[in-house]
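> To start, I am sharing the structure in question, which I have written as structure tokens.
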Amino acid sequence: MSNYPKAIGPYSAYREANGLLFISGQLPINPASGEIESSDIKEQTKQSLKNIGAILEENGISYDKVIKTTCFLADINDFIAFNEIYAEFFKTPYPARSAFAVKDLPKKVKIEIEIIAQKG
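See below:
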């Protein structure tokens, strides 16, 4: 069993190119159960970032190699709570980041996060 959820559509969980690791948007799916286990933005953010961490680890890299994140929130009012958890995973110098609200996310989750990391 993988430590991160498999893709829910016709795409790869991640791809490598030119020394960069591109991780597709990670939903807060618990890889053990295959389910969204919380409706809380903090718990969902933590699970999405744990899924990212598992992919990073599988590729022999850590969060400090993340150079760009794109964060999709279902509700911009969750921005402060999201940031609290995000700051637990990333330290200065923080990755470049875009974060914005979107109309809907798959599986009716509150957060989806994709990243680009440097390998090596």
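753 is the number of the first residue of the sequence shown in my numbering; add one for each residue after it.
Note that the Cβ used here is the ideal one computed from N, Cα and C, for glycine as well.
#1: From P858 to I819, what does the alpha carbon distance come to, in whole angstroms?
#2: For a quick check, are the C-beta atoms of F852 and I793 less than 8 Å apart?
#3: Which residues in the same chain as F831 place their Cβ atom closer than 6 Å to its Cβ, once the five residues preceding and following it in sequence are excluded?
#4: Taking the runs of the beta strand (DSSP E) that are 3 residues or longer, which of them lie wholly in the stretch 759-791?
#5: For F824 and I788, which I take to be in contact (beta-carbon distance under 8 Å), what is that distance rounded to the nearest angstrom?
#6: Identify whether T822 lies in helix, strand or coil by the three-state DSSP scheme.
#7: To the nearest angstrom, how far is it from the Cα of I828 to the Cα of I760?
So, from the data block:
#1: For P858 and I819, the distance between alpha carbons rounds to 25 Å.
#2: Result no, Cβ atoms of F852 and I793 do not sit closer than 8 Å.
#3: Same-chain partners within the cutoff: there are none.
#4: Listed in chain order, the complete beta strand (DSSP E) runs (minimum 3 residues) inside the stretch 759-791 are 766-769 and 772-778.
#5: Contact flag wrong, Cβ pair sits at about 15 Å.
#6: T822: strand per DSSP, three-state reduction.
#7: Straight-line measurement puts the Cα of I760 at about 24 Å from the Cα of I828.
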